[in-house]
Structure formats: C-alpha cells, structure tokens
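**Student:** What follows is a structure written as structure tokens; I'll ask about it next.
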Amino acid sequence: MRTFVVLAAATHASASTAHSHVHVRSAVQVDKPSCNYVSVVGDAVYCVQGSICGANGDVCPSKGAVAVADCIHTVNSFVEPSKCIAPFDSICQVLAATGTRACVWNKVTLPPANATTRTPRPRSTYLPLSYPDCFDAWAQCHGPSWTKPMCCKDPSFQCTHKNDTYAACEPKEVK
Numbered sequence: 031m032r033t034f035v036v037l038a039a040a041t042h043a044s045a046s047t048a049h050s051h052v053h054v055r056s057a058v059q060v061d062k063p064s065c066n067y068v069s070v071v072g073d074a075v076y077c078v079q080g081s082i083c084g085a086n087g088d089v090c091p092s093k094g095a096v097a098v099a100d101c102i103h104t105v106n107s108f109v110e111p112s113k114c115i116a117p118f119d120s121i122c123q124v125l126a127a128t129g130t131r132a133c134v135w136n137k138v139t140l141p142p143a144n145a146t147t148r149t150p151r152p153r154s155t156y157l158p159l160s161y162p163d164c165f166d167a168w169a170q171c172h173g174p175s176w177t178k179p180m181c182c183k184d185p186s187f188q189c190t191h192k193n194d195t196y197a198a199c200e201p202k203e204v205k
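With my numbering, letter number 4 in the sequence shown gets 34, and the count goes up by one each step, no holes.
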C-alpha cells in the first residue's frame with residue numbers, strides 16, 4: 031500500500047500596503063512494508079517484516095507483538111478476548127520431533143544462583159509442531175471465525191492468505 035503525504039507551508043509577509051503569500055507543496059511517497067504471517071508453535075499468528083522462519087528465513091515475532099489471528103484463551107499470549115500479545119521473543123528453531131524450522135517461544139532462564147535477586151522469571155515451553163488441528167496440503171487452513179491454529183501438517187507447506195475469507199495450505203516459496 032502506498033501513502034502519499036502532502037506537505038504544505040504558507041507564509042504571510044505584510045508591508046504597509048503589500049501582502050505576499052507563498053505556498054509550497056511537495057509530495058513524498060511513503061511505502062509501507064509488506065506483512066508476512068507467521069505462527070508461533072502452539073500459539074497465535076503474528077505479522078512480521080521480512081522472511082518468516084522456515085527453509086529460507088528466520089524472522090519470528092518479538093516480545094510485545096500483537097497477534098493478528100488465532101488468539102484463543104488456551105495460548106500463552108492470551109491477554110483477553112480477541113487480544114494476544116507475545117509474552118517473550120520467539121526464535122526460529124529446528125524442532126526435534128519433525129526436523130523443520132518453526133518459531134517457538136524463547137526459553138526464559140532463571141538468573142544464576144549467585145545473582146542478588148531471587149525472583150524467578152516466567153518460563154515458556156516448546157510445543158510440538160504436529161497437532162491434530164493442522165491441515166493437509168492444499169486444504170483450506172483459515173477463514174472467518176475459525177478458532178483452529180493456522181498451520182499445515184506438511185512442514186514444506188504454509189497457510190497462505192488468499193483473501194479475507196480464505197487461506198490454503200500451499201507449498202512454501204523457494205527463494
């Protein structure tokens with residue numbers, strides 16, 4: 031999407047009998063970066079900039095990112111109905127169960143035993159990628175009012191948005 035910003039300035043100089051108006055206009059083109067959807071394993075879907083985690087990318091949601099889909103009360107990022115916020119940075123990691131790369135919540139560790147503070151930090155867990163709610167290759171994987179995760183069973187496929195009412199499991203782009 032391109033947005034044009036028009037800047038205008040007017041100056042007014044007055045002499046005893048003369049008035050002068052100067053109008054300056056210029057258009058500046060502002061390109062908004064594209065948004066790529068990526069799931070955190072066992073959690074919601076987020077919008078990120080860049081190549082998402084997978085065979086050819088490593089971008090995952092950061093702490094504080096707001097979910098754009100699949101925000102349900104059973105996920106780690108759930109805050110309130112229709113609002114999920116990433117509680118931790120997520121990282122792109124190879125999953126032992128499948129050998130594929132996926133975004134997972136970064137494990138938060140406790141401070142060293144000799145640290146002055148003893149307040150434990152929250153921990154997140156890695157969840158397996160394969161769960162029964164994922165969809166077969168070429169199947170519809172998301173739509174209006176869906177509560178299932180937006181994921182595909184085959185790790186070489188991804189759930190690709192087609193329009194506001196349809197997304198399908200399609201092969202990941204090879205770059």
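Every residue gets a Cβ at the ideal spot worked out from N, C-alpha and C, and that includes glycine.
Remember, predicted model here, so these are calculated numbers, not experimental data.
1) Buried or exposed: which applies to W135, given that a residue is buried once 16 or more other Cβ atoms fall within 10 Å of its Cβ?
2) DSSP three-state label for W176, please.
3) Report all residues from its chain with a CB closer than 8 Å to the CB of A197; omit the five preceding and five following residues, and keep chain order.
4) Is the beta carbon of T130 sitting closer than 9 Å to the one on P185?
5) Do V78 and D100 come within 9 Å of each other at the CB atom, strictly closer than that value?
6) In terms of residue numbering, what span does the beta strand (DSSP E) encompassing I121 cover?
7) Please list, in chain order, all residues of the same chain as D166 whose beta carbon is under 7 Å from its beta carbon, the five residues on each side excluded.
8) Buried or exposed for S175, please, with buried defined as at least 16 other CB atoms from any protein chain shown within 10 angstroms of its CB.
9) Where do the ends of the beta strand (DSSP E) carrying C189 lie?
10) With burial defined as no fewer than 16 other Cβ atoms inside 10 Å of the residue's Cβ, what is the status of D194: buried or exposed?
11) Classify S120 as buried or exposed, calling it buried when 16 or more other Cβ atoms lie within 10 Å of its own Cβ.
**Tutor:** Let me lay it out:
1) buried
2) Coil at W176, not helix or strand.
3) Q170, C171, H172, G173, M180, C189, T190 and H191
4) yes
5) no
6) Run containing I121: S120 to V124, per the beta strand (DSSP E) assignment.
7) K183 and C199
8) exposed
9) F187 to N193
10) exposed
11) S120 is buried by the Cβ-count criterion.
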